[in-house]
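Numbering (the UniProt record's numbering), first residue to last: 1 to 321. A virtual CB, placed ideally from N, CA and C, is assigned to each residue, including glycine. Note that the coordinates shown come from a computational prediction; the quantities given were computed from them, not determined experimentally. Heads up, the thing below is written out as structure tokens.
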């Protein structure tokens, strides 16, 4: 069941990339979309914690500053840079660029935290760099430079989030970390997203789904609700369930399938496609990511924004002491 949960989580996250692109093209800015998304997740995570274990809301004073860092430098900016990248690049390429942050995590762990990292990380770096150069077709400059920069920035923020976040998960529940980081992310974009400029009638407007689903339209509020609930919060829970049943390495490798799902849904829904050379580049990048996932001993990076160290035996809904 662990593999099923992990694959379903990756499928929902992969589908959410195309949903995000449709929402941004409907007129919402990446910042506004990010505000609505993280707010929905914070409310749902807070509600679940309130029902299952209210003590989990308690965190130490020192943790507050760390959670604020996770919420702003991690969640808030990851989601924003990713939304910007998606608005300028094919969905799968944007996600692939973000997920390359696993290399930065391994390198930072090796040279800053002095963790044991296997030599295979250098093979992973080579595969990812060459693969991304092929996908981006740097010799032809077919991709938006700003979109590529946004994707790389998302990768850097992803690395920051997991390097700090995995140390918080060691002492408290992953769900608690998600709640507080999403709450601080929501507070950040409450100030800077200009959400108040979104008129109520805008939320009610019918949004064409574009591409192969262009004949269909849904209200914007429903797409936002899907983005936050089925496209974000539900996959988080599925990831927690999977991580309780799989080894750390297995969970991390399966999570890489999110990139494949993102490409697949973008092709079937939006009609976004790659040429043969780019497909080969994607395969090289995914191979490098899988190798990188096994480079750190007993640790992996999961793109679901829920870093785990299963050797510690954390339960998804464990309360903070």
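Contact check, residue 203 vs residue 147, beta carbons under 7 Å: no
With a threshold of 16 other CB atoms inside 10 Å of the CB of residue 263, please say whether the residue is buried or exposed. That one is buried.
From which residue to which residue does the beta strand (DSSP E) around residue 28 run? Segment: none, residue 28 is in no beta strand (DSSP E) and carries neither H nor E.
Which complete beta strand (DSSP E) runs does the UniProt domain "EamA" (1 to 135) hold, if anything under 3 residues is left out? Annotation note: the UniProt domain "EamA" (1 to 135) contains no uninterrupted beta strand (DSSP E) run of length 3 or greater.
Helix, strand or coil for residue 218, going by three-state DSSP, please let me know. strand
Residues of its chain near residue 291, where Cβ-Cβ distance is below 8 Å and the 5 sequence neighbours each way are ignored: 120, 121, 123, 124 and 127
Quick one: using the 10 Å Cβ neighbour count with 16 as the cut-off for buried, is residue 258 buried or exposed? Its Cβ being crowded by 16 or more others within 10 Å, residue 258 is buried.
Under 8 Å: do the stretch 8 to 20 and the stretch 89 to 106 share three or more Cβ pairs, one atom per stretch? yes
Among 45, 132, 145 and 158, which has the Cα closest to the Cα of residue 73? 158
Beta-carbon proximity list for residue 68, same chain, < 6 Å, skipping 5 on both sides: 184
Contact set for residue 278: own chain, Cβ-Cβ below 8 Å, skip 5 residues either direction: 134, 135 and 137
Find out if the Cβ-Cβ distance for the pair residue 293, residue 193 is shorter than 7 Å. no
Helix, strand or coil: which one does DSSP assign to residue 290? If DSSP states are grouped into helix, strand and coil, residue 290 belongs with the helices.
Check each candidate in 266, 273, 256 and 272 and name the one with the smallest Cα separation from residue 101. 256
Do residue 45 and residue 235 come within 7 Å of each other at the CB atom, strictly closer than that value? no
Taking contact to mean at least 3 C-beta pairs separated by less than 8 Å, is the stretch 101 to 112 in contact with the stretch 218 to 230? no
Considering only residues of the same chain and omitting the five flanking positions on each side of residue 39, which have a CB-CB separation below 6 Å? The answer, listed in chain order, is 186.
Which residues share a DSSP beta bridge with residue 207? 218
How close, in whole Å, do the beta carbons of residue 84 and residue 150 come, if the pair is a contact with beta carbons under 8 Å? Right, the Cβ-Cβ distance comes to about 4 Å (below 8 Å), so this counts as a contact.
Between the Cα of residue 79 and the Cα atoms of 164, 131, 132 and 231, which residue gives the shortest distance? That would be 231, whose Cα lies nearest to the Cα of residue 79.
Local conformation of residue 285 per DSSP, three classes: helix
Can you give me the C-alpha to C-alpha distance between residue 328 and residue 112, rounded to a whole angstrom? In this structure the chain extends from 1 to 321, so residue 328 is not present and cannot be described.
Rounded to whole angstroms, what's the CA-CA distance from residue 59 to residue 42? Just pull it up for me. 16 Å
Would residue 176 and residue 56 qualify as a contact pair, given that the criterion is a beta-carbon distance under 7 Å? yes
Could you check where the alpha helix (DSSP H) with residue 177 kicks off and where it finishes? 174 to 192
Please state the DSSP three-state secondary structure of residue 239. helix
Sorted by chain position, which residues of the same chain lie with C-beta nearer than 7 Å to residue 86's C-beta, five sequence neighbours on each side aside? 17, 20, 21, 24 and 94
Along the alpha helix (DSSP H) that carries residue 271, what are the first and last residues, could you check? From DSSP, residue 271 is part of no alpha helix (DSSP H); its letter is neither H nor E.
Identify whether residue 142 lies in helix, strand or coil by the three-state DSSP scheme. coil
Whether residue 34 touches residue 189 by CB criterion (7 Å): Their beta carbons are under 7 Å apart, which means residue 34 touches residue 189 by this criterion.
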